[in-house]
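K.L.:
For this note's numbering, count along the sequence shown from 1 and bump the result up by 4. All C-beta atoms, glycine included, are put in the ideal place defined by N, C-alpha and C. To start, I am sharing the structure in question, which I have written as structure tokens.
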Amino acid sequence: MTRDPLAAVVDAPLFIVPRVLDRLRAYRGQPRLASLAGAGAQLDALLDRLLDGVAAHPTKFWVLQQFQRALQAVEDEDREARKQFRSALEQLMDILGIGSSDGVLGPDHR
5 MTRDPLAAVV
15 DAPLFIVPRV
25 LDRLRAYRGQ
35 PRLASLAGAG
45 AQLDALLDRL
55 LDGVAAHPTK
65 FWVLQQFQRA
75 LQAVEDEDRE
85 ARKQFRSALE
95 QLMDILGIGS
105 SDGVLGPDHR
């Protein structure tokens with residue numbers, strides 16, 4: 005039986021103000037690294053979900069659910085692409101004001 009990565013998440017409210025949404029939009033508009041390969045499309049899809057839903061669901065748990073869904077979608081990418089993807093998720097955490105993924109990103113990431 006596999007452990008649910010979301011089981012250890014300590015939920016917290018997020019303060020989603022227009023500036024946060026502007027930063028997400030700006031991040032969405034940046035070119036993706038070639039090393040992301042197919043994971044770049046998953047990152048864009050994640051950003052679209054965040055932009056569409058985070059104001060209605062301003063919680064750490066909801067965001068990490070979206071992260072987990074995206075991580076599952078990139079499981080078949082090569083190691084470097086998965087590492088870059090997790091680093092991109094850490095950048096999104098900074099934008100959203102999330103200090104820790106509570107293990108959702110894996111042991112080598114916050």
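From which residue to which residue does the alpha helix (DSSP H) around G101 run?
P.N.:
The residue you call residue 101 lines up with position 97 of the sequence shown. Here G101 belongs to no alpha helix (DSSP H), and DSSP marks it neither H nor E.
K.L.:
Please name the residue or residues paired with P17 in a DSSP beta bridge.
P.N.:
Counting from one through the sequence shown, the residue named residue 17 turns up at place 13. According to DSSP, P17 bridges with T63.
K.L.:
Roughly how many angstroms lie between the CA atoms of Q72 and E81, to the nearest whole one?
P.N.:
Position 68 of the sequence shown, counting from 1, holds the residue named residue 72. Position 77 of the sequence shown, counting from 1, holds the residue named residue 81. Using only the alpha carbons, I get a separation of about 15 angstroms.
K.L.:
Measure the C-alpha to C-alpha separation of A30 and V24 and round it to an integer number of angstroms.
P.N.:
By one-based count along the sequence shown, residue 30 stands at place 26. By one-based count along the sequence shown, residue 24 stands at place 20. The alpha-carbon atoms of A30 and V24 are separated by roughly 10 angstroms.
K.L.:
For V86 and P111, what's the separation of their Cα atoms in angstroms?
P.N.:
Here residue 86 corresponds to residue number 82 of the sequence shown, with the count starting at 1. Here residue 111 corresponds to residue number 107 of the sequence shown, with the count starting at 1. Just to set this straight, residue 86 is Arg in the shown sequence, not Val. Near 13 angstroms, if we compare the C-alpha coordinates of P111 and R86.
K.L.:
Please report the distance separating the alpha-carbon of G107 from that of D26.
P.N.:
What you label residue 107 is simply residue 103 of the sequence shown in a count that begins at 1. What you label residue 26 is simply residue 22 of the sequence shown in a count that begins at 1. In a straight line, the C-alpha of G107 is about 27 angstroms away from that of D26.
K.L.:
Three or more C-beta pairs closer than 8 angstroms, one from the stretch 9 to 16 and one from the stretch 53 to 61: is that the case here?
P.N.:
Contact between the stretch 9 to 16 and the stretch 53 to 61 is absent, because fewer than three Cβ pairs lie under 8 angstroms.
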